[in-house]
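Numbering (the numbering used here), first residue to last: 4 to 231.
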């Protein structure tokens, strides 16, 4: 994260802890998705704290994180910080995670509009993340039944910050891989030499084909985006 040392190490630790936990517990499904996501993010944050203590670091590194789990035609997600999840359906925005930032608090208090918040230079000042936060707050959401063509988009603030929400939603009316490439190029172009980490992952949901396995429970799929 901007202004913090070794953020890339925090992100790598989080990736290893979270994917390792998923590999162990998805057999092939996760029994309690919301609880699972919250617990692995807490484990990742604790592992970052332990690493900092073992290495005698002067400050604890941190990383924002957003993670999503899809199983049984349903999506669950959790996040800490300002890495975002967008859920788009039929060409429009169905849901977007709220940023754990000082600016978003102003939006929730009605002091600025969401459109005004997107223009404020302080929009990336966050109060919550894995590792560096004194008290981690994992915000869970989802248990949303997915429909054919739904798009799940996870990204860091380096990608969403230079763009307007409407631009992101409009981009995904085309094939998702082309949309993601276009958005990444545009975000980097607008920020120039001051561009932050630009990361994103996208998945478009397609109904399972009918067959003997239909109705027996879909195996879990896990994906996450971090910004260290």
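Glycine residues also receive a C-beta, built at the ideal position from the N, C-alpha and C atoms.
Residue nearest to residue 95 in terms of C-alpha spacing, selected from 121, 12 and 176 = 176
Buried or exposed for residue 139, please, with buried defined as at least 16 other CB atoms from any protein chain shown within 10 angstroms of its CB.
-> buried
Contacts around residue 9, its chain only, beta-carbon distance under 6 Å, and the 5 residues preceding and following it disregarded | 64
Can you give me the Cβ contacts of residue 206 inside the same chain, cut-off strictly under 6 Å, excluding the 5 residues immediately before and after it?
-> 155
Quick one: using the 10 Å Cβ neighbour count with 16 as the cut-off for buried, is residue 215 buried or exposed?
-> Low confidence applies to residue 215: its pLDDT is 38, below 50, so where it sits in the model is not reliable enough to give any reading.
For residue 16, verify whether its CB is less than 7 Å away from any heavy atom of the ligand COA.
-> In the structure shown, the ligand COA is absent, as is every other ligand, since no ligand is present at all.
Measure from the alpha carbon of residue 47 to the alpha carbon of each residue in 27, 126, 71 and 13, then state which is nearest.
-> 13
Close-in-space but distant-in-sequence residues of the same chain around residue 209 (CB under 7 Å, 5 per side omitted) = 151
Spatially closest choice to residue 67 from 61, 57, 81 and 73, by CA coordinates = 81
For residue 228, the first and last residue of its enclosing beta strand (DSSP E) = 224 to 230
Where in the stretch 150 to 209 do unbroken runs of the beta strand (DSSP E), each at least 3 residues long, occur, reported from the N-terminal end onward?
-> 154 to 158 and 203 to 207
Please work out which residues of its chain come closer than 8 Å, Cβ to Cβ, to residue 128, disregarding the five sequence neighbours upstream and downstream, and give them in chain order.
-> 104, 105 and 106
On the three-pair Cβ rule with 8 Å, is the stretch 41 to 61 touching the stretch 185 to 199?
-> no
Residues bridged to residue 53 by DSSP?
-> BP columns for residue 53 are empty, so no partner.
Hey, residue 133 and residue 83: beta-carbon distance below 8 Å or not?
-> yes
DSSP state of residue 16 mapped onto helix, strand, coil | helix
Between the beta-carbon of residue 147 and the beta-carbon of residue 91, is there less than 8 Å?
-> no
Please work out which residues of its chain come closer than 8 Å, Cβ to Cβ, to residue 213, disregarding the five sequence neighbours upstream and downstream, and give them in chain order.
-> Because residue 213 carries a pLDDT of 45, less than 50, the predicted location of this residue cannot be relied on, and no value is offered for it.
Just reading off the alpha helix (DSSP H) that residue 110 is part of, what are its end residues?
-> 105 to 111
Residue 120 - containing alpha helix (DSSP H), residue span | 117 to 120
In angstroms, rounded to a whole number, what distance separates the CA positions of residue 182 and residue 174?
-> 5 Å
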